[in-house]
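Working notes, structure below.
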Amino acid sequence: MTQTDSQPQASSEQVPGDGHMWVMVLGDLVIFGGYFIVFMIYRTMYPDEFLRAQQHLDITIGVVNTVILLTSSWLVARAVLAGRAGRHEEAVRLTYAGGVGGLMFMACKGYEWLVKIRNGHTNSEMFYSFYYVLTGVHLIHVLIGLIALGVIVRELRNPSRRRASVVEASAVYWHMVDLLWVIIFGLLYVVR
Amino acid sequence: MTVQTEAPPGKPDVRLMTWFFPIWYGAFGVIICILTRVTPPPRPDVTAADKVAFFTEHGLTIKIGFCLLLILLGGAALTNGLVAYQIKRMSVGSVFAYGYVGGMGVGALPGFLLVSVCFLTAAFRPDRDPELISLLYDLGMLSYNGSLGCFTAAYLVFAIAILYDKNQIFPVWFAYVTIWQIITEVIATQMFVFESGPFAWNGSIAFWWAVVVFSVWLSALIVLLRQALKREETASDAN
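From first to last, the protein sequence lines stand for chains S and R.
Numbering (our numbering) for the first sequence: 1 to 192.
Numbering (our numbering) for the second sequence: 1001 to 1239.
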């Protein structure tokens, strides 16, 4: 009767967060990895076209967005540490600050899209179709990440909750959003 | 692992549906992959003459396959009903179950019915102007693959239900796999823009990568439905 399935919860002591979130993160990295590989293949096939289109990308706004997300990730990491140390008020404040970073990233990205579309760089160009799909899918991840940060706040605010595994799992997701952006930034903006 | 040779698990009707689920998807796979040739998709970047030739070459299997699908498509309602049944066992409100059924139903209209009608019309009326046959080919394929986004509402409802559920009918990681489904299928909208390349209806990103994720999702769902069936029996035994 008491026999239950050996669920991955048992291993939650070893890694931050829980096994479920690691399925999400690793699987998501594989899915994005597929996009990156296809991008590299097409980039190799049409190097001139891609290079010409890439020159219209504003690397400054890319750098700004990278700094914003890295800072946000750092704030959320600090929030996890504060939460572990029992400083829940501080952890909530840090998580909010991290969330503001996410909102700023989305605002910058939206502005960048607007400028690109106004200048006629739509998804009718191959490079820009990759640009819109990769950054668009990433934006959806940022949005989901903001929900995850909301989960952290909800956990920390309620004294009867405050499960470290939930806080860590959400933070792990937010770091993945950051990691993905760094790769996208490298591939789209920097690699020549 | 001990082998249990006693009564098979779960409620009889749910058990029947849990078996029906993979059988129906198997039949569906045979129809779309082998008979009607819509998966792997035919090329989008061919001339009207090539499209007419496609219907001539595969006319017979398209007729058999899609006529069969028109009869069997109701089975999708049963498979969706099984998932809805399991959602109703969750601690969340049954509105999620209805949302899933409705969302999948919305997706099935452009996703399966329209392509069936377009391809059957082209296959049974081959004497038409090649441009019209070409239109039916494009319309059928764009409807079939380009409408993948129509299923995303169902996936979203399903994912949220799993995340909120306290009865652990499905594991939380499956909610995340369901979220991948949303993301990969939203990209299908690009198929309307491109006639070739990675975002066309036979493209590596817009189509194939989404198919891989769908296969993972469906395989996991088949296994998890069986586990949910077994656990329901255990739960009712305990009472």
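Glycine included, C-beta positions come from ideal geometry on N, C-alpha and C.
{"query": "CA nearest to the CA of S:A169, picked from S:Q54, S:L69, S:A77, S:V67", "result": "S:A77"}
{"query": "Local conformation of S:T135 per DSSP, three classes", "result": "helix"}
{"query": "Whole-Å CB distance - R:A1188 paired with R:L1148, under 8 Å assumed", "result": "4 Å"}
{"query": "CB contact below 8 Å: R:G1075 versus chain S", "result": "no"}
{"query": "Nearest residue (CA-CA) to R:S1091, options R:P1198, R:N1167, R:L1142, R:A1077", "result": "R:N1167"}
{"query": "Minimum Cβ-Cβ distance from S:I124 to chain R less than 8 Å", "result": "A small correction: the amino acid at residue 124 of chain S is Ser; Ile does not occupy that position in the sequence shown. Judged by the 8 Å Cβ criterion, S:S124 is in contact with chain R."}
{"query": "Residues in the segment 22-36 of chain S having any Cβ partner in chain R nearer than 8 Å", "result": "V23, M24, G27, D28, I31, G34, Y35"}
{"query": "Any 3 or more C-beta pairs closer than 8 Å across the segment 1201-1208 of chain R and the segment 1133-1149 of chain R", "result": "yes"}
{"query": "Alpha helix (DSSP H) runs wholly inside the segment 42-92 of chain S, at least 4 long, in chain order", "result": "47-54, 59-84"}
{"query": "Contact list for the segment 1183-1208 of chain R against chain S, Cβ threshold 8 Å", "result": "I1183, T1184, V1186, I1187, Q1190, V1193, F1194, G1197, P1198, F1199, S1204, I1205"}
{"query": "Segment limits, alpha helix (DSSP H) that includes R:P1022", "result": "1012-1029"}
{"query": "For R:M1001, three-class secondary structure by DSSP", "result": "The predicted model places R:M1001 with a pLDDT of 49, which falls under 50 and marks its position as unreliable; any figure quoted below should be read in that light. Of the three classes helix, strand and coil, the one that applies to R:M1001 here is coil, per DSSP."}
{"query": "Meets three-Cβ-pair contact criterion under 8 Å: the segment 122-134 of chain S and the segment 46-54 of chain S", "result": "yes"}
{"query": "Close Cβ partners of R:P1022 (< 6 Å) along its chain, the five nearest in sequence each way excluded", "result": "I1222"}
{"query": "R:I1034: first and last residue of the uninterrupted alpha helix (DSSP H) it sits in", "result": "It is not in any alpha helix (DSSP H) - R:I1034 carries neither H nor E in the DSSP assignment."}
{"query": "Residue burial classification, S:E155 (beta-carbon count within 10 angstroms, cutoff 16)", "result": "buried"}
{"query": "Assigned secondary structure, R:W1201 (DSSP; H/G/I helix, E/B strand, else coil)", "result": "coil"}
{"query": "Residue range of the unbroken alpha helix (DSSP H) whose run includes R:Q1086", "result": "1074-1088"}
{"query": "Proximity test, Cβ basis, 8 Å: R:P1171 and chain C", "result": "In the structure shown, chain C does not exist; the protein chains are S and R."}
{"query": "Which of helix, strand or coil DSSP assigns to R:P1041", "result": "coil"}
{"query": "Buried or exposed (CB count within 10 angstroms, at least 16 for buried), S:Q3", "result": "With a pLDDT of 41 at S:Q3, under the threshold of 50, the predicted position of this residue should be treated as unreliable, and no value is reported."}
{"query": "Contact with chain S by R:Y1176, beta-carbon distance below 8 Å", "result": "yes"}
{"query": "Cβ pair count under 8 Å reaching 3, the segment 1053-1073 of chain R against the segment 1089-1105 of chain R", "result": "no"}
{"query": "Min CB distance R:W1242 to chain S below 8 Å", "result": "No answer is possible for residue 1242 of chain R: it lies beyond the span of chain R, which begins at 1001 and ends at 1239."}
{"query": "Within-8 Å CB hit, S:I140 to chain R", "result": "yes"}
{"query": "Helix, strand or coil at S:S160 [DSSP, three-state]", "result": "coil"}
{"query": "Distance CB(S:L187)-CB(S:F32) smaller than 8 Å", "result": "no"}
{"query": "S:D18 CB to nearest heavy atom of the ligand HEM below 7 Å", "result": "Summarising the ligand content, the structure contains no ligands, and the ligand HEM is consequently not present."}
{"query": "Separation of S:A171 from R:Q1227, as counted between CA atoms", "result": "30 Å"}
{"query": "S:V153 at chain R interface by Cβ criterion, 8 Å", "result": "no"}
{"query": "Residues near S:M1 by beta carbon distance below 6 Å, same chain, minus five either side", "result": "With a pLDDT of only 36 at S:M1, under the threshold of 50, the placement of this residue in the model should not be trusted; the figure read from the coordinates follows. Answer for S:M1: no residue qualifies."}
{"query": "Sub-8 Å separation of S:G110 and S:Y189 beta-carbons", "result": "no"}
{"query": "S:H20: contacting residues in chain R (beta-carbon distance under 9 Å)", "result": "P1171, V1172, W1173, F1174, A1175, Y1176"}
{"query": "Below-8 Å beta-carbon distance, R:M1001 vs any chain S residue", "result": "Note that R:M1001 has pLDDT 49, beneath the 50 cutoff, so the model's placement of it is unreliable and no number is given."}
{"query": "Reference S:G19, options R:L1114, R:P1171, R:S1134, closest by Cα", "result": "R:P1171"}
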